[in-house]
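4 is the number of the first residue of the sequence shown in the numbering used here; add one for each residue after it. Yeah, the Cβ is synthetic: ideal placement off N, Cα and C, and Gly gets one too. I have placed the structure first, in the form of structure tokens, so that the comments after it can refer back to it.
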Amino acid sequence: MKRLQNKISESYLALPVTSAYAAGVWVFCGLFQEKWWIQFCCLALSTFLMEKLNNSNALIRIHSRMVSCSFLVLSCMASFMFPSLVEAICELFFIGALLFLFYSYKDKDSPGVTYYGFLLIGLASVGYVHILWLLPALWVLMFTNLQSLSWRTLMASLMGIITPYWFLLCWYFYQDYPEALVSHFEVLSHFQMPFDFSSLSRHQMVTFFFVLALAILGSLHFWRSSYQDKIRIRMFFGFFIRADIFLVILFCLQPQLYDLLLRLMIVNTTPLIAHFIALTGKRVTNIMFCCIVVIALVITAYNLWI
4 MKRLQNKISE SYLALPVTSA YAAGVWVFCG LFQEKWWIQF CCLALSTFLM EKLNNSNALI
64 RIHSRMVSCS FLVLSCMASF MFPSLVEAIC ELFFIGALLF LFYSYKDKDS PGVTYYGFLL
124 IGLASVGYVH ILWLLPALWV LMFTNLQSLS WRTLMASLMG IITPYWFLLC WYFYQDYPEA
184 LVSHFEVLSH FQMPFDFSSL SRHQMVTFFF VLALAILGSL HFWRSSYQDK IRIRMFFGFF
244 IRADIFLVIL FCLQPQLYDL LLRLMIVNTT PLIAHFIALT GKRVTNIMFC CIVVIALVIT
304 AYNLWI
């Protein structure tokens, strides 16, 4: 018997309806008045890439648009991040990097796609240098989950990161201001007191803990049901789970990176919760699905009006 969650997750109307909802939230928040067109386009492109990430890797073993729908709902829930342009671009580049890196699965002789993946991370770091904190985690996950780390792919990743800075350094020399590159990386040494969340608003904390709760729920579900998926899919979802763990740790150590880290958490949590919604069908999971939708809508309204 198909329950409400299954009917919605398998419906062809799910993505169009969710897209219309997301557009409505943006318009209500001031898309036209504030002229957030670039940010809005970044969200649209990110949603498209999330759908491509799902389809090209068969993350959900049935036809479902829950990955892109969940991404839109969670992204619109954090409406206070709509004005953030640099973070939106970083999120877009991060999803693109995942697409390239997943193509390298079990291929230690794949410097090409590895280079392009890390080139996107390097481009993102030009605008938001703190994204470079993800490099150790990405290398570890390439070794443990993607099984693609070798000397060639490691060097390709370093070349990808460095490439944008070659051009940036040339520009700074042309401007007779080469020390600007040092100042760019110097920001990485500025640390805030760990576990000091006093600078974050209640809206930010409520949103973060809900995304964290979804990550935990999705992770527990996948660990219980992973035997039904192929080994390749288990590795990819292990990538998402471990990436979420790293992002939570980094958030506790550096709360000032909230906007970037929450966006990346949403990217990694989306496949986990989409897998839960699309591939469960018991009465209790249907109730949980309804609760998730209601809570997401309540938090969205809370961030919009209160």
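Query	Result
Closest Cα partner of SER59 within the set ARG235, ALA246, ILE244, ILE248	ARG235
Boundaries of the alpha helix (DSSP H) in which SER160 is found, first to last residue	154–177
Proximity to PRO258 [Cα-Cα], best of LEU203, LEU122, HIS193	LEU203
Counted within 10 angstroms of its Cβ, other Cβ atoms place VAL116 as buried (16 or more) or exposed	buried
Spatial distance of LEU77 from HIS224 (CA atoms)	19 Å
Assigned secondary structure, TYR108 (DSSP; H/G/I helix, E/B strand, else coil)	coil
Nearest to ARG266 (by Cα), restricted to the options PHE200, PHE96, TYR175	PHE96
Proximity below 8 Å, CB of ILE92 to CB of GLY130	yes
Test item: CB-CB of ALA299 and MET80 under 8 Å	yes
Helix, strand or coil at HIS193 [DSSP, three-state]	coil
For TRP39, the three-state DSSP class (helix, strand or coil)	coil
Per-residue burial, GLN231 [other beta carbons within 10 Å of its own, 16 or more giving buried]	exposed
Beta-carbon proximity of PHE146 to GLY120, cut-off 8 Å	no
Option nearest ILE276 by Cα separation, candidates PHE249, CYS72, LEU46	CYS72
Reference TRP154; option with closest CA among PRO181, TYR118, PHE240, TRP39	TYR118
Which listed residue (PHE239, GLU37, LEU122) has its alpha carbon closest to that of TRP169	LEU122
Straight-line gap, ILE302 to SER186 (C-alpha atoms, nearest Å)	38 Å
GLY99 to MET69 span [Cα, whole Å]	19 Å
Cut-off 6 Å between Cβ atoms - residues of its own chain near SER229, not counting five sequence neighbours on either side	ARG237
Euclidean distance between Cα positions of PHE212 and ILE269	12 Å
Endpoints, alpha helix (DSSP H) assigned at ALA277	261–282
Cβ neighbours of PRO86 in the same chain (closer than 8 Å, five flanking residues each side left out)	GLU37, TRP39, GLN42
For ILE63, the nearest candidate out of ASN148, ILE280, LEU137 (CA to CA)	ILE280
Contact set for PHE292: own chain, Cβ-Cβ below 6 Å, skip 5 residues either direction	GLN8, ILE280
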